[in-house]
Each structure stands twice: as structure tokens, then as C-alpha cells.
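So the structure is just underneath, and the comments pick up after that.
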Amino acid sequence: MDRKTLHDIFNLIKIPLIMVGVLWLVHIWKISSDHNFGQYGVFPREWSGMKGILFAPFIHGDLKHLISNSVPLIVLTTILIYFYRKVAFPVFTIVYLLTGFAVWLFARRSYHIGASGVVYGLVSFIFWSGIFRRNLRSIVLALVVTILYSGYFAGIVPNEDGVSWESHLFGAFAGLIVAFMVKGIVEDEEIKVDPWADEELEPDQYYLPRDTFEKTKAERFAERQRQIREEQARIAAEKARNTGWESDSTL
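Each residue of the sequence shown is one higher than the one before, counting from 500 in the numbering used here.
This is the structure in C-alpha cells:
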């Protein structure tokens, strides 16, 4: 692998790595201090709990919680940046904020922390983009995330204590909404290009006359007979010129 390839790969995953690096720094700060970071989570329907809309995704309960969100964040954000570059920033921002706001409005009255809501939002966005856009690339990406994260479907229902299933559920809804919002924004790679658009063929390079399917069989037969008569008249005139007299000459 040459240096240019490594440089391109690093540029692609640079933003996801920085983002996840911040999560790890916050967690290291959390375990090295006695400060209660949980209070920066989303606490539903309390004005003071609204700060969690911004801060909750940076806070994780333990190392297992952090690792389980870090890898999907890197993978999904990389997919978003590479394949949906025109909408990557607004999609991530809206999913991030909409998930937190929905949790603040409707979730249980408890502190909700972690980036899993954003992860579910990205999975949902990529999946539903395949449904709404219906081009080969988006459908393949939808299948990929379905295979990789099929186990996530169980996370949108209350099945484990201490897990904010509401964040998962509202993140999935946020991804669905945003995928529908931006479905009309076509990426450059999705534009269909006619491979023959720049070809300029001479008339005699076509296999069939250009008006082959614009005339009936009888019209084509009459046209062919006219061409034969014109060709015969041309040949007769040519022969007359070659013998030194014209068909309408007088002696």
C-alpha cells in the first residue's frame, strides 16, 4: 500500500477518529475525577435536562458501553462521509439533535447518556436511504448495515435494565425522517451518465437508418423504390455522358 493510498484512507476516517477520540478523552476524564458526569445527560421534561441534548452522547457509563458505541460510530460515520458527502454534515447534525430532543420530550424521567441514539440514527438513515433512493449503491449499503447491525433491532424495545431503549427508538425514527428529507439530494456518483453521449457517428456507421422505427413497412418500401429509381436514373445519365450524348439529344 503506497503513501498516497494511506493518506486517502486517513483523510476519510480522520473526522470519525477525532470524534471517537473525544468520547474516550471524556471517559478518561470521568474515571480519573470524582465529578458526576451523569448529570450532563438528558433528563426528560426538565429545563436543566436539555443540556443533555448536546452533552449526553459524550458520556458513557463504563468501558463496555463506550467500546460498543465507538466502533459503530467510526464505521457508520465513515460510510456517511464517503457515500453521502453532500448531506453528511446536515444528516449527522439533525440526527444528533433530533434524537436528543425526542428523548427529552418523551422518554422516562431518568438521566439518558451515551452515543447509542446517534448510532441507531445512522444505521436507520443508511437503511432507509436504500429504500427511498432505490439505486444500486444505496441498496447495497442498506444491506451491509442490515447484516452488520441486525442485532440492533432488539434494542428499540425495553429488554434490559439500565439501557436507554428510548434513545435507540428515537434515534431510529430520526434516521428515517432525515433519510426521507434528503432523498432528493443526488450524489454525484448516483447521476446516470449515458456512456455514448459523446459519440458522434457518421450516418453510414449506423446499423439501421435513423428513421427505421418512424415509418410503416409500406412507407419504407415506397421510399426504397424511389431510391432505386433515382439510382437507375443516375446510372443512365452517367452512361449517356460517357458515350457523348444525352437521352434528350437531337440529331
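Glycine residues also receive a C-beta, built at the ideal position from the N, C-alpha and C atoms.
Only a predicted model underlies this, so the values are computations on that prediction, with no experimental measurement involved.
### Query
When DSSP builds the beta bridges, which residues end up paired with V541?
Checking the DSSP bridge columns, you'll see V541 partnered with H611.
### Query
Going along the chain, which residues of its own chain have a beta-carbon closer than 8 Å to the beta-carbon of V644, five neighbours each way excluded?
These residues qualify, in order along the chain: L575, I578, V622, I625, F626.
### Query
Taking 6 Å as the line, does the beta carbon of A673 fall inside it for any heavy atom of the ligand SAM?
Judged by which ligands are present, the structure shown has none, so any question about the ligand SAM falls away.
### Query
Helix, strand or coil for G661 per DSSP?
Looking at G661 - three-state DSSP - the assignment turns out to be coil, as it is neither helix nor strand.
### Query
How many angstroms separate the CA atom of Y651 from the CA atom of L640?
If I take the Cα positions, the gap works out to 16 Å.
### Query
Curious, which full-length alpha helix (DSSP H) runs of at least 4 residues does the region 611 to 651 contain?
Listed in chain order, they are 615 to 632, 635 to 647.
### Task
Classify A736 as buried or exposed, calling it buried when 16 or more other Cβ atoms lie within 10 Å of its own Cβ.
Counting Cβ neighbours within 10 Å, A736 comes out exposed, since fewer than 16 surround it.
#### Entry: Neighbourhood of G654 by C-beta, 8 Å cutoff - its chain only, sequence neighbours within 5 removed
When the five nearest sequence neighbours on each side are left out, the beta carbons in the same chain lying within less than 8 Å of the beta carbon of G654 are those of S615, Y619, V662, W664, H667, in order along the chain.
### Query
Are the C-beta of G683 and some C-beta of chain C separated by less than 7 Å?
Of the protein chains in the structure, only one exists, and it is not chain C.
#### Entry: Proximity to S609 [Cα-Cα], best of R632, S547, S569
Taking only the C-alpha atoms, the option nearest S609 is S547.
### Query
Can you tell which of R633, I580, N634 has the C-alpha that lies nearest to the C-alpha of I508?
Its Cα nearest to that of I508, the residue I580 stands out among R633, I580, N634.
### Task
Rounded to whole angstroms, what's the CA-CA distance from I530 to L511? Just pull it up for me.
Going by the C-alpha atoms only, they are around 31 Å apart.
### Message
Restricting to Cα atoms, I'd like to know which of V586, W603, Y648, V656 is closest to G540.
### Response
Comparing alpha-carbon positions, the option among V586, W603, Y648, V656 lying closest to G540 turns out to be W603.
#### Entry: As assigned by DSSP and simplified to three states, the class of N510
Of the three classes helix, strand and coil, the one that applies to N510 here is helix, per DSSP.
### Task
Could you check what DSSP says for S532 in three-state terms: helix, strand or coil?
Per DSSP, reduced to three states, the secondary structure at S532 is coil, with no helix or strand assignment.
### Task
Evaluate F534 with the Cβ neighbour count: other Cβ atoms within 10 Å of its Cβ, from every protein chain shown; 16 or more gives buried, anything less gives exposed.
The question names Phe, but residue 534 is His in the sequence shown. Counting the other CB atoms within 10 Å of its CB gives H534 a total below 16, which places it among the exposed residues.
### Message
Relative to the C-alpha of W528, which candidate in G560, K585, P589 has its C-alpha closest?
### Response
Considering only G560, K585, P589, the residue with the shortest C-alpha distance to W528 is G560.
### Query
Just reading off the alpha helix (DSSP H) that I580 is part of, what are its end residues?
First-last of the alpha helix (DSSP H) with I580: 562 to 582.
### Query
Buried or exposed: F588, going by 16 or more other Cβ atoms within 10 Å of its Cβ?
By the neighbour-count definition (other C-beta atoms within 10 Å, threshold 16), F588 is an exposed residue.
#### Entry: A732 (DSSP reduced to helix, strand or coil)
Helix, per DSSP.
### Query
In three-state terms, what does DSSP make of T598?
T598 carries a helical assignment under DSSP once its states are collapsed to helix, strand and coil.
#### Entry: The alpha helix (DSSP H) enclosing I552, as first and last residue numbers
Per DSSP, the unbroken alpha helix (DSSP H) holding I552 starts and ends at 551 to 554.
### Query
For H667, does the three-state DSSP call read helix, strand or coil?
H667 sits in a helix when the DSSP states are folded into three classes.
### Message
Judging by CA-CA distance, which residue of I558, A732, V594 is the nearest neighbour of F672?
### Response
Out of I558, A732, V594, V594 has the C-alpha closest to the C-alpha of F672.
### Query
Is DSSP giving V521 helix, strand or coil here?
The answer is helix: DSSP assigns V521 an H, G or I state.
### Message
V681 and V525 - do their beta-carbons sit closer together than 7 Å?
### Response
Taking 7 Å as the Cβ cut-off, V525 and V681 do not qualify as a contacting pair.
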